[in-house]
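Chains as they are written, first to last, in this note's numbering: chain A, 1 to 351; chain B, 1 to 351; chain C, 1 to 351.
Even for Gly, the Cβ is constructed at its ideal location relative to N, Cα and C.
Because the structure is a prediction, the values reported are computed rather than measured.
A short write-up of the structure that comes next.
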């Protein structure tokens, strides 16, 4: 595929500066782009990389100039570049249809142009919305409902009674709706507390690979609209995650925790049971939020137990200076003793 | 389904207080229950939630009273409620039989009323006990033995020679018997040390989703009777986990660690190789137990490196007061200097 | 199978001391070996275990003697023992051939003696090298290339366009080539940034169970020759891991991090985005390396934020002695006050 700079500028609604007929054959990063490739400059902070780049064309923010280069000026370079990537790397939808090896239980209802891959198994009364794609080897339990334009990658497992919205993406190896971790002791042995709730995944959620989301004990575990979850995340029974929250890889969220909207959770964070995290809070990577704790809206916390970032940094700085503090105390002790000797000598002289 | 309060009281062997004919149509939590639903009160500590609840019937501990409400008094409310949940949400076993697409190798032996799902693959000489259920897409390697009444959810992978007991539950995506992480260096490059041991999973174990349990290098990795393992846990080669231990999500246990019985391990805990954890110990979430360390029976530890909880809390409290300590030291230094000046002035006066 | 000590000594090129005709029927560890089994002694440090061992034959390092025992003396006991393990536990390669239930898309090219398991799905234009084994239920996306003598265990998922080398091992449940975690905000909502790069896995890599390796956003995520990755590790988009690096279980490596060769990374380590780890560095278990940080070649770091081990240990020791430091400061304060009183009394006497 080849496109001129002018065609690309038209696609992204940008203003062309330089050679309109320059031919572009692919997309790349600033560091690796060749003269036949287009790259993007996110902000003025990337000027020196842009100067060194050999890219044949650059998508740049408004007001950004680089003499002798072909530029496409836009309000939001990353967004425009996302469109250019899809121009050169269209993601072809699989041909609609049910692969002959797919197994559909009684009462399964499929929307228009659905694609069901080889060896997928849909148990009874599953409903799949229009244009949704189910990959090879996916298992979908009884009565699961999935909306439109959703993409379930190969080898995902969905337990019965889960509800999944529209434009959701679930990556391979993920498990949705497994039993929560609930037991009670009878004479020193654990017995299983039945886990009969469900999981609700709302529209525009993306779930990475190897993620496990447990069903509620009674009610539902809820993943709100637009939530983005990275690989290998664990979400326990009855957790609520509100809209537009993002969760980095390997984070774990224990039972009944409630994450409000627009929260940013770093990688390998641990959130204990019954925690509440306020709107727009930021939880730094590897932080641990203890059971029942409430993190206020907008707060930025780090460490285990998690505390406000400023406090964490202050404590850490003090920790680093502890050897110095010990020396100061030892010196003070000596000085005090020296002064005492002086006083005692004076006193002896007086007598 | 509908049941009267009287019928439910009979089922759980409880004492009915209030309206015997009140009709109940489902189970719910105290917070969400309607007048047609039953909820439970674990202890006196949940009184205010019980008072606010709209539940039509409450299962309560002995001696708990709430005027004007229909109550069922029992010795162990959570246990009784578990039975009530199963009354309203019976878990139907799949119809026994081998799905025509399942592949059984030579010499596979199946017990009575076994259920093997679509696209399951059982390699040669696998033995499956009576009433055990193997989900869709499960792979079971050669010579694996599985006991009775066990439930293997879809898309689980079991390597050859693993032994699994009776009434075991394994959730989707889990992998049992993969090679341990063992190498040796030859001229700067790692060579694989063969991993030819096995995994033994005893009766009444439950394993969550996405769990990985490696086979022993020579002997076996052993998961004792009644052990409960949450999602995304890693258990390395030659680990021993004794009876009735519980392990929360995303914990990792390195090679040859030995966890005694009745231990409670929090989420995201790291236990290094050759660690020994004594009977009934508690390891707090995200703690890290260093290589070769021995945690004593009954001890409660936290932090990395893990230390007794009391010590951890004391150190943490001191860490929080470090800024104050620095101020104290600075003030002492000034006061000492002031006193020295005073002494020197006195001395000068004397002379 | 039975072999004499002499036959085993010949196999490993060792020097036999003791009974050449002693019969050995299996391998075991020092602790569990019987008289019919062989075990190995890694070094002089294991002498007491060797003395207690009932093993019928011991592979020992040069110069190691144990009277009355049959020994095989070699330069590298672990390496020799690895060969003996494979003698008693040969790993039979599956019979070459494509299982009739495997599905091969258009243009798939298979090398000689390839084995493709039941229900494996190879999308169009996949190429598989000679003697490579693809397990049951594996999904391989379009245009994936896999080298020779590679082993893909059951239920692995490989996304399109991934390239995998020769003698690679990938364990069950792993996902290679899923989308990286990349979004941009438009009016408060996250939009997906297309992830169109690939993953390159070089020769002699081993990848554990449940590992997730994301494809690059534009370029490739690269796993260098001889890298060994334990279970449940997360590797994000555009990460580079150079040759002969080892990564223990549950570690996460964020976007564009660059790990140089010969690095050792412990379990549950978190490496943030754009970190660089120098050649031969060691990252202790559970350490957290903050965004953009550069760890120098050969350095040994621990803690979050990661710092040189010596510094970590010093700070930790100081932390442990904090209660003592507080007492010292309190005592100093009292002593200072006592001295001040003394001075003031003296002064009053003088007046």
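Asked	Found
Inter-residue CB distance, residue 6 of chain C and residue 20 of chain C (contact presumed, cutoff 8 Å)	4 Å
Within chain C, the residues that residue 189 of chain B reaches when beta carbons sit closer than 8 Å	204, 226 and 244
Reduced DSSP category for residue 313 of chain A - H, G, I as helix; E, B as strand; rest coil	helix
Members of the stretch 227-240 of chain A near chain B, C-beta cut-off 8 Å	232, 234 and 236
Within the stretch 70-123 of chain C, ranges of the beta strand (DSSP E) (whole runs, at least 3 residues)	71-74
Closest by C-alpha distance to residue 157 of chain A, when choosing among B:153, B:246 and B:160	B:153
Contact belief for residue 261 of chain B with residue 208 of chain B at Cβ below 8 Å, rounded distance in angstroms	Not quite, the Cβ-Cβ distance comes to about 20 Å (not below 8 Å), so this is no contact.
Positions along the stretch 247-272 of chain B whose CB lies within less than 9 Å of some CB in chain A	248, 249, 250, 262, 266, 267 and 268
Any beta strand (DSSP E) of 3 or more consecutive residues that is wholly inside the stretch 267-324 of chain C	300-302
Residues, ordered as in the chain, of the stretch 170-200 of chain B that lie near chain C by beta-carbon distance below 8 Å	173, 174, 175, 178, 179, 181, 183, 184, 186, 188, 189, 190, 191, 192, 193, 194 and 196
Segment contact, 8 Å Cβ cut-off, at least three pairs: the stretch 165-175 of chain B with the stretch 188-195 of chain B	no
Three-state secondary structure assigned by DSSP to residue 26 of chain C	strand
For residue 220 of chain B, three-class secondary structure by DSSP	strand
9 Å Cβ cut-off: residues of chain C touching residue 319 of chain B	319 and 322
Proximity below 8 Å, CB of residue 210 of chain C to CB of residue 231 of chain C	yes
Coil, strand or helix - residue 252 of chain A by DSSP	strand
Cβ of residue 208 of chain C within 8 Å of any chain B Cβ	yes
Residues near residue 307 of chain C in its chain [Cβ-Cβ closer than 7 Å; skip 5 each side]	301
Closer than 8 Å at the beta carbon, the chain C residues around residue 32 of chain A	218 and 219
Nearest candidate by alpha-carbon position, reference residue 92 of chain B, set B:133, B:59 and B:76	B:133
Residues sharing a beta bridge with residue 4 of chain B, DSSP	B:23
Beta-carbon proximity of residue 289 of chain A to residue 343 of chain B, cut-off 8 Å	no
Residues of its chain near residue 73 of chain C, where Cβ-Cβ distance is below 6 Å and the 5 sequence neighbours each way are ignored	14, 15, 60 and 62
Against chain B: residues of the stretch 43-59 of chain C by CB proximity under 9 Å	none
Opening and closing residue of the beta strand (DSSP E) in which residue 15 of chain B lies	15-17
Short CB-CB distance (under 8 Å) between residue 286 of chain B and chain A	yes
Residue nearest to residue 10 of chain C in terms of C-alpha spacing, selected from C:83, C:310 and C:114	C:83
8 Å Cβ cutoff, residue 329 of chain A in contact with chain B	yes
Closer than 8 Å to chain A by CB, residue 339 of chain C	yes
Interface residues of the stretch 114-143 of chain C facing chain A [CB-CB below 7 Å]	119, 121, 137 and 139
Where residue 244 of chain C sits in the DSSP three-state scheme	coil
Residues within the stretch 80-91 of chain B neighbouring chain A, beta-carbon criterion of under 7 Å	82, 85, 86 and 89
Proximal residues of chain B, C-beta to C-beta of residue 347 of chain C below 7 Å	346
Local Cβ density within 10 Å of residue 327 of chain C, reported as buried at 16 or more and exposed below that	exposed
Where residue 112 of chain B meets chain C, residues with beta-carbon distance less than 7 Å	Within 7 Å Cβ-Cβ: nothing; residue 112 of chain B doesn't reach chain C, min ~26 Å.
Members of the stretch 145-167 of chain B near chain A, C-beta cut-off 8 Å	153, 154 and 155
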